[in-house]
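Notes follow the structure.
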Amino acid sequence: MTLYNSIRTLSILLLVLIFNSSCSDSPNESATMLIYGGTIYTVDSTKTKVEAVAVKNDRILYAGNLAEAEKFKTDQTELLDLKGKTMTPGFIEGHGHFMGLGYSELNLDLMNTTSYQAIVDAVAERVKTAKPGEWITGRGWHQSKWDSMPAEIVHGFQTHHLLSEVSPDNPVYLGHASGHAGFANAKAMEIAGLTEMALDGSKTYEVEGGEVLVDALGRPTGIFNERAQTLITQHIPEKTPETDRKAFELAVEACHKNGITSFHDAGIPKETIALYEQMKAEGKMGVRIYAMLTGWDEDLLNQWYKKGIMVDDDHLFTIRSIKLNCDGALGSRGAWLLEPYTDRPDHFGHETLPMEFVKKTAINGLKHGFQVCSHAIGDRANREILDRYEIAFNSMSNKTNNHRFRIEHAQHLHPEDIPRFAELNVIPAMQAVHMSSDRPWAIDRLGEKRIKEGAYMWQSLLQSGVPIVNGTDVPVEPINPVASFYASVSRKTLKGTPEGGYEPEQKMTRSQALRSYTLDAAYGAFEEDIKGSISVGKLADFTVFDQDIINVPENQLLDTKVVMTILNGEVVFNTEK
Ligand SMILES: [Zn+2]
Numbered sequence: 000m001t002l003y004n005s006i007r008t009l010s011i012l013l014l015v016l017i018f019n020s021s022c023s024d025s026p027n028e029s030a031t032m033l034i035y036g037g038t039i040y041t042v043d044s045t046k047t048k049v050e051a052v053a054v055k056n057d058r059i060l061y062a063g064n065l066a067e068a069e070k071f072k073t074d075q076t077e078l079l080d081l082k083g084k085t086m087t088p089g090f091i092e093g094h095g096h097f098m099g100l101g102y103s104e105l106n107l108d109l110m111n112t113t114s115y116q117a118i119v120d121a122v123a124e125r126v127k128t129a130k131p132g133e134w135i136t137g138r139g140w141h142q143s144k145w146d147s148m149p150a151e152i153v154h155g156f157q158t159h160h161l162l163s164e165v166s167p168d169n170p171v172y173l174g175h176a177s178g179h180a181g182f183a184n185a186k187a188m189e190i191a192g193l194t195e196m197a198l199d200g201s202k203t204y205e206v207e208g209g210e211v212l213v214d215a216l217g218r219p220t221g222i223f224n225e226r227a228q229t230l231i232t233q234h235i236p237e238k239t240p241e242t243d244r245k246a247f248e249l250a251v252e253a254c255h256k257n258g259i260t261s262f263h264d265a266g267i268p269k270e271t272i273a274l275y276e277q278m279k280a281e282g283k284m285g286v287r288i289y290a291m292l293t294g295w296d297e298d299l300l301n302q303w304y305k306k307g308i309m310v311d312d313d314h315l316f317t318i319r320s321i322k323l324n325c326d327g328a329l330g331s332r333g334a335w336l337l338e339p340y341t342d343r344p345d346h347f348g349h350e351t352l353p354m355e356f357v358k359k360t361a362i363n364g365l366k367h368g369f370q371v372c373s374h375a376i377g378d379r380a381n382r383e384i385l386d387r388y389e390i391a392f393n394s395m396s397n398k399t400n401n402h403r404f405r406i407e408h409a410q411h412l413h414p415e416d417i418p419r420f421a422e423l424n425v426i427p428a429m430q431a432v433h434m435s436s437d438r439p440w441a442i443d444r445l446g447e448k449r450i451k452e453g454a455y456m457w458q459s460l461l462q463s464g465v466p467i468v469n470g471t472d473v474p475v476e477p478i479n480p481v482a483s484f485y486a487s488v489s490r491k492t493l494k495g496t497p498e499g500g501y502e503p504e505q506k507m508t509r510s511q512a513l514r515s516y517t518l519d520a521a522y523g524a525f526e527e528d529i530k531g532s533i534s535v536g537k538l539a540d541f542t543v544f545d546q547d548i549i550n551v552p553e554n555q556l557l558d559t560k561v562v563m564t565i566l567n568g569e570v571v572f573n574t575e576k
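Numbered continuously in numbering that gives the first Met the number 0, the sequence shown closes out at residue 576.
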């Protein structure tokens, strides 16, 4: 029995004990919320599906049949009818970058807009929550993707008037999909001094290597080509405390929309820690953040070794782990390999951190009770890290009973290293959606043998007795967990190819994939006794989907939508409201 399995058994026993005592001691407990009327998957091995869940404040009071659950109902109980939808434990993003998500949200994504009006609408939506004067930026629009062109066109492009109308007080700048042009509103042009120039009439907008498009009267239309873009972009503020706060709030919102109630934030510096503490103090920590300290900042690590881990009673912001970046990515041939790249035979990739530092941090982590999470893509990086972890475990053997060290990504493994994860109790945190995006070309880098024997080895790792923590690495991939869930069980690209999936023997089952996003992700953060399953006494965090993700046919799985998110026993997102 691995450590993982014995801890699971123990926590199930504990929950049964808590459950029994709470039932017999206080039969008159009242629920603040009663959830019923849908398919409820608990990820609790004692009863995998229930009819109803009773919640008291932030905790699960009861999970079982509806008649029993109704005993906890009072006049004050909020009734939540799932209307046939499917509820699971709150989904946990097991590896992402929270501020990266926020900043990508802050920059409006216009890639999928199909008309000028759609762009105007997206900006109008953002104006609602923007303070006067705050810049609104976006990118990705392309007039050739539009269903129809607006009435007013100058030199083949739209003019700023509609945009300026919806955003009179906020400067707007929207980059073209090509990166070679941008589109500004009147306020932005005013800030850049261009309106005055137009009124004056005496100046032209000559920019070397660029062009300001003007209408028949010589007024700028809002389109700036090539280097003329800098006329506007030089006025857009870099990151400020205000944009940080805004990005944070947008990240929380994005999590709620995607059913994410907890987030493993893979490496944050001290400024970000300060921001999170501030946001928490203001009651704005709308997602549970499990943050890893940025490992390259040794001062930060030393400071936290002294201070010790931070695990608060409200479980909103936890710091007890360290992130190390140990190699590069496969696409750029930075992943560190044991044998050369198939498509570049003189090249092995490289380590991005001295392995001596991994050893030192592993030893310090054990000494001070911090988990170590090391980024490794290539088989050499994975092996070297397992080696350093092993040295640390051997030299600190009295501190290794519950270390839960992780390897982030663990994408490409030498077959001999696969069983070492279970032997050393090292958790692989693997983002299944990366396989969907990368597998079509990863074979060029690695060749068929390495792909078949060691790439994205989900089922082999699970069979060996380790849990897998799933996720998306947002903003590298969109945070939508449905895509990663689909990738986990289909091993196909998000276009549904190839038939049968890549290396199908490595697919996860639906219930394994569900665990990887709930209970196993919780385990990867020492939190399996407070989250990850719908079990009595755990936090009332839930995700509701519009269809049954365990039983819907595979070709419909990607259409699944998150329709409701519940955090701390409160509905924080609901498409019906
Ligand atoms: Zn990452």
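Note that the Cβ used here is the ideal one computed from N, Cα and C, for glycine as well.
Is the region 316-331 touching the region 262-278, taking contact as three or more C-beta pairs under 8 Å? Per the Cβ contact rule, the region 316-331 is in contact with the region 262-278 (3 or more Cβ pairs under 8 Å).
Three-state secondary structure (DSSP) of Arg405: Residue 405 sits at position 406 when you count from the first residue of the sequence shown. In the structure shown, Arg405 sits in a strand (DSSP, three-state: E or B).
Beta-carbon within less than 7 Å of Asp24's beta-carbon, same chain only, minus the 5 sequence neighbours each way: which residues are those? What you label residue 24 is simply residue 25 of the sequence shown in a count that begins at 1. Residue confidence is low: Asp24 scores 42 on pLDDT, short of 50, so the model does not pin down where it sits. Its coordinate-derived value is still stated next. Annotation for Asp24: no residue places its beta carbon closer than 7 Å to its own, counting only its chain and skipping 5 residues before and after.
Under 8 Å by Cβ, that's how I've got Val54 and Thr41 pegged, so tell me the actual separation to the nearest angstrom. In the sequence shown, residue 54 corresponds to position 55, counting from 1. In the sequence shown, residue 41 corresponds to position 42, counting from 1. At roughly 14 Å, the Cβ-Cβ gap does not stay under 8 Å, so Val54 and Thr41 are not in contact.
Indicate, with yes or no, if ligand 1 has a heavy atom lying under 7 Å from the CB of Ala520. To locate residue 520, count along the sequence shown from 1; it is residue 521. No, Cβ of Ala520 sits at least 7 Å from all heavy atoms of ligand 1.
Given a cut-off of 8 Å on the beta-carbon distance, is the pair His263 and His94 in contact? Counting from 1 along the sequence shown, the entry for residue 263 is found at position 264. Counting from 1 along the sequence shown, the entry for residue 94 is found at position 95. Against a cut-off of 8 Å, the Cβ pair of His94 and His263 comes out as a contact.
Quick one: give me the first and last residue of the beta strand (DSSP E) that Leu292 is part of. If you number the sequence shown from 1, residue 292 lands on position 293. It spans Arg287 to Thr293 - the beta strand (DSSP E) in which Leu292 sits, taken as one unbroken run.
For Leu339 and Ala441, what's the separation of their Cα atoms in angstroms? Position 340 of the sequence shown, counting from 1, holds the residue named residue 339. Position 442 of the sequence shown, counting from 1, holds the residue named residue 441. The amino acid at residue 339 is misidentified as Leu; the sequence shows Pro. Using only the alpha carbons, I get a separation of about 14 Å.
According to DSSP, simplified to helix, strand and coil, what is Phe182? Stepping through the sequence shown from its first residue, residue 182 is reached at position 183. In the structure shown, Phe182 sits in a strand (DSSP, three-state: E or B).
Does the Cβ-Cβ distance between Gly181 and Gln116 come in under 8 Å? The count along the sequence shown starts at 1 and reaches residue 181 at position 182. The count along the sequence shown starts at 1 and reaches residue 116 at position 117. No.
If you count every other CB in all the chains shown that lies within 10 Å of the CB of Val432, and 16 or more means buried, which is it? Mapped onto the sequence shown, residue 432 falls at position 433. Buried.
Helix, strand or coil: how does DSSP classify His255 here? Numbered from 1 along the sequence shown, position 256 holds the residue referred to as residue 255. Correct three-state label for His255: helix.
Please report the straight-line C-alpha distance between Ile288 and Leu105, rounded to a whole angstrom. The residue labelled residue 288 in the question sits at position 289 within the sequence shown. The residue labelled residue 105 in the question sits at position 106 within the sequence shown. Straight through space, the alpha carbons of Leu105 and Ile288 are spaced by roughly 19 Å.
When you measure from the CB of His94 to every non-hydrogen atom of ligand 1, does any distance come out below 7 Å? For the purposes of this step, residue 94 is identified with residue 95 of the sequence shown, where counting begins at 1. Correct: His94 has its Cβ closer than 7 Å to ligand 1.
Proximity to Ser532 [Cα-Cα], best of Pro552, Ser510, Asn550 and Gly221: As a working mapping, residue 532 is identified with position 533 in the sequence shown. Selected option, being the one with the closest Cα: Ser510.
Range covered by the beta strand (DSSP E) that runs through Ile323: Here residue 323 is taken as the residue at index 324 of the sequence shown, counted from 1. With the sequence shown as reference, residue 323 is identified as Leu, and Ile is not the correct amino acid for it. Where Leu323 is concerned, the enclosing beta strand (DSSP E) stretches over Phe316 to Asn324.
For ligand 1, any of its heavy atoms closer than 7 Å to the Cβ of Asp472? Stepping through the sequence shown from its first residue, residue 472 is reached at position 473. Yes, Cβ of Asp472 sits closer than 7 Å to a heavy atom of ligand 1.
Contact check, Arg403 vs Ala361 under 8 Å by CB: the rounded distance? Here residue 403 refers to the residue found at position 404 when the sequence shown is read from its first residue. Here residue 361 refers to the residue found at position 362 when the sequence shown is read from its first residue. Not really, about 12 Å apart at Cβ, beyond 8 Å.
C-alpha gap between Tyr485 and Pro497, whole angstroms: As a position in the sequence shown, residue 485 is number 486, starting the count at 1. As a position in the sequence shown, residue 497 is number 498, starting the count at 1. Going from the Cα of Tyr485 to the Cα of Pro497 covers about 14 Å.
Can we count Ala265 as close to ligand 1, meaning its CB is less than 7 Å from some heavy atom? The count along the sequence shown starts at 1 and reaches residue 265 at position 266. Inclusion of Ala265 in the 7 Å shell around ligand 1 follows from its C-beta lying nearer than that to a non-hydrogen atom of the ligand.
Grab the span of the alpha helix (DSSP H) containing Trp140 for me, first residue to last. Taking the first residue of the sequence shown as 1, we reach residue 140 at position 141. For Trp140, there is no enclosing alpha helix (DSSP H); the residue is part of the beta strand (DSSP E) that begins and ends at Ile135 to Trp140.
Would you kindly work out how many angstroms separate the C-alpha atoms of Val570 and Glu28, rounded to a whole number? Residue mapping note: residue 570 aligns to position 571 of the sequence shown, counting from 1. Residue mapping note: residue 28 aligns to position 29 of the sequence shown, counting from 1. If I take the Cα positions, the gap works out to 21 Å.
Quick check on this structure: which residue in Thr128, Thr112 and Asp214 has the alpha carbon closest to the alpha carbon of His160? Against the sequence shown, residue 160 aligns to sequence position 161. Ranking the options by Cα distance to His160, first place goes to Asp214.
So if DSSP puts Asn224 in a beta bridge, which residue, or which two residues, is it bridged to? Within the sequence shown, the letter at position 225 stands for residue 224. DSSP lists Ala180 and Glu210 as partners of Asn224.
Can you tell me whether DSSP reads Arg343 as helix, strand or coil? As a position in the sequence shown, residue 343 is number 344, starting the count at 1. Reduced to three states, the DSSP call for Arg343 is strand.
Between which two residues does the alpha helix (DSSP H) holding His160 run? For the purposes of this step, residue 160 is taken as residue 161 along the sequence shown, with counting starting at 1. Run containing His160: His160 to Val165, per the alpha helix (DSSP H) assignment.
On the CB-based measure, 16 or more other CB atoms within 10 Å of its CB, does Leu162 come out buried or exposed? Taking the sequence shown and counting its residues from 1, the one referred to as residue 162 is at position 163. Looking at its Cβ environment, which holds 16 or more other Cβ atoms inside 10 Å, Leu162 is buried.
Check whether the region 124-143 touches the region 97-112, taking contact to mean three or more Cβ pairs, one atom from each stretch, closer than 8 Å. Yes, they touch.
Coil, strand or helix - Val562 by DSSP: Against the sequence shown, residue 562 aligns to sequence position 563. Val562 falls in the strand class under three-state DSSP.
Let me know if Pro474 comes out buried or exposed under the rule of 16 or more other beta-carbons within 10 Å of its beta-carbon. As a first step, residue 474 is located in the sequence shown; it is residue number 475 there, counting from the start. So Pro474 ends up on the buried side.
Per DSSP, Glu569 is paired with what? Here residue 569 refers to the residue found at position 570 of the sequence shown. BP columns for Glu569 point to Leu566.
Where are the alpha helix (DSSP H) runs, 4 residues long or more, that stay fully inside the region 39-127, in chain order? Annotation note: the region 39-127 contains the following uninterrupted alpha helix (DSSP H) runs of length 4 or greater, listed N- to C-terminal: 65-69 and 97-105.
Rank Thr112, Val371 and Gly132 by C-alpha distance to the C-alpha of Ser147 and give the top, closest one. For the purposes of this step, residue 147 is taken as residue 148 along the sequence shown, with counting starting at 1. A check of alpha carbon separations from Ser147 across Thr112, Val371 and Gly132 identifies Thr112 as the nearest.
At 4 residues or longer, and completely inside the region 402-489: list those alpha helix (DSSP H) runs for me, N to C. Runs of the alpha helix (DSSP H) inside the region 402-489: 417-423, 431-453, 457-463 and 480-489.
Thr508 - DSSP class collapsed to helix/strand/coil: Residue mapping note: residue 508 aligns to position 509 of the sequence shown, counting from 1. For Thr508, the three-state secondary structure derived from DSSP is coil.
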